[in-house]
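A short write-up of the structure that comes next.
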Amino acid sequence: MNEIFTDKAENRELLVPGSIIALGMFFTGRILTNKQNWSHKNLNILGKLSTSLPSRILIPWTMAGIVFSKWTPVAWGNLIKKEPTGLVLSTYHSIKSGYEENVIRVKESIYRNADDYLQRSVRQARKSIINKLND
Numbered sequence: 001m002n003e004i005f006t007d008k009a010e011n012r013e014l015l016v017p018g019s020i021i022a023l024g025m026f027f028t029g030r031i032l033t034n035k036q037n038w039s040h041k042n043l044n045i046l047g048k049l050s051t052s053l054p055s056r057i058l059i060p061w062t063m064a065g066i067v068f069s070k071w072t073p074v075a076w077g078n079l080i081k082k083e084p085t086g087l088v089l090s091t092y093h094s095i096k097s098g099y100e101e102n103v104i105r106v107k108e109s110i111y112r113n114a115d116d117y118l119q120r121s122v123r124q125a126r127k128s129i130i131n132k133l134n135d
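Quick note: full-length UniProt numbering has the sequence shown finishing at residue 135, numbered continuously throughout.
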């Protein structure tokens, strides 16, 4: 903490108001991306984009980060320098690989089930045609 908040004037004058405004912008972003605040009948492209899951995660944090970086530039710069980049990237890659593995597994399962169903249906259709021809 002492390595991030180094500017005493910024800490005394701007840290609390900047943090409160950043928190307000976070909640504003949450309100903007809430699906219940958009009309469900005529959802335009802007509504679809801003209520998608990535937008609901990124927009509030981005808005809060921008405000905090403008109000407390020294603390923001120190935070960016001290952030363990490997932690964020490793977390991102683990989430991404888990998601990709699940998508591939589900896709293969759907393909297998559809293929089995089609083969059974074709076999049953052939049997019924043969039975009709033999009768």
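In this text, a Cβ means the ideal position worked out from N, Cα and C, and glycines have one as well.
- Contact annotation: Pro60 and Phe26 have beta-carbon atoms nearer than 8 Å.
- Going by beta carbons, Pro17 and Trp71 fall inside the 8 Å limit.
- Just so you know, the alpha carbons of Ala22 and Asn113 end up roughly 49 Å apart.
- Here Ile4 carries a coil assignment [DSSP, helix/strand/coil].
- In the pairwise beta carbon analysis, the stretch 26 to 35 is classified as touching the stretch 44 to 61: at least three pairs are separated by under 8 Å.
- Between Phe5 and Ser69, the alpha-carbon positions lie close to 13 Å from each other.
- Between the alpha carbons of Lys8 and Leu15 lies a gap of roughly 10 Å.
- Counting every other CB atom within 10 Å of its CB across the protein chains shown gives Thr51 a total of 16 or more, marking it as buried.
- Secondary structure at Thr91: helix, using DSSP grouped into helix, strand and coil.
- Apart from the 5 residues on each side of it in sequence, Gly98 has no Cβ closer than 7 Å to any other Cβ in its chain.
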